[in-house]
Amino acid sequence: MTSSEGAIKLSKFIEVTDEDFQTEVLDADGPVLVEFWAVWCGPCRQMAPILDDLAAAYTGKIKFVKVNVDEVTESVGTYSIMSVPTLMLFQDGNPMETFVGVQPKPRLEEVLDNYL
212 MTSSEGAIKL SKFIEVTDED FQTEVLDADG PVLVEFWAVW CGPCRQMAPI
262 LDDLAAAYTG KIKFVKVNVD EVTESVGTYS IMSVPTLMLF QDGNPMETFV
312 GVQPKPRLEE VLDNYL
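So the sequence shown is numbered by our numbering: it starts at 212 and just counts up by one.
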């Protein structure tokens, strides 16, 4: 079984832990959009339909990953995540873009298109 088969699927997102962050995000081929979120986060719920639309639109082009900040502490600390939602776009294992708070869909599309 590959790590992606063992990951929890959330819509078109893969939920990762500290154990598979390296494989799913840093070692991934192509761009990866990571949402650092929490169950109790109202703005995260506001972002959910926008991110679901983007995940559907960019299927096969950009990998979409969710990191629950209450469960995944090492990766949260590594990237100094202080607020949720925080979106980070990774390319070749490097964080390229960071967005904190609710973001408009057109802005995210513009950024994602730059990494295709």
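No residue lacks a Cβ here, since even glycine has one placed at the ideal position from N, Cα and C. Please read all numbers here as calculations on a predicted model, not as lab measurements.
Taking the alpha carbon of Gly325 as the point to measure from, which residue in Pro260, Val243 and Val250 has its own alpha carbon closest? Contrary to the premise, residue 325 reads as Asn rather than Gly in this sequence. When each option's Cα is compared against that of Asn325, the closest is Val243.
Simplified DSSP state of Thr213, which is helix, strand or coil: Note on Thr213: pLDDT 41, under 50, position unreliable in the model; the coordinate value appears next. Coil, per DSSP.
Can you tell me which of Gly288, Asp229 and Phe224 puts its alpha carbon nearest to the alpha carbon of Glu246? The residue with the shortest Cα to Cα distance from Glu246 is Phe224.
Straight-line CA distance for Asp238 to Gly304? Going by the C-alpha atoms only, they are around 6 Å apart.
If you follow the alpha helix (DSSP H) that Gln257 is in, where does it begin and where does it stop? Counting along the chain, the alpha helix (DSSP H) containing Gln257 begins and ends at Gly253 to Ala268.
Would you report the Cα separation of Pro315 and Glu230, rounded to the nearest angstrom? Rounded to the nearest angstrom, the two C-alpha atoms are 31 Å apart.
Would you mind working out which of Glu282, Leu265 and Glu308 sits nearest Thr228, comparing C-alpha positions? Selected option, being the one with the closest Cα: Glu282.
Assigned secondary structure, Gln314 (DSSP; H/G/I helix, E/B strand, else coil): Gln314 falls in the coil class under three-state DSSP.
Classify Val250 as helix, strand or coil using the three-state DSSP reduction. Looking at Val250 - three-state DSSP - the assignment turns out to be coil, as it is neither helix nor strand.
By a C-beta neighbour count over all protein chains shown, 10 Å radius and 16 as the cutoff for buried, is Val250 buried or exposed? Per the 10 Å Cβ criterion, exposed.
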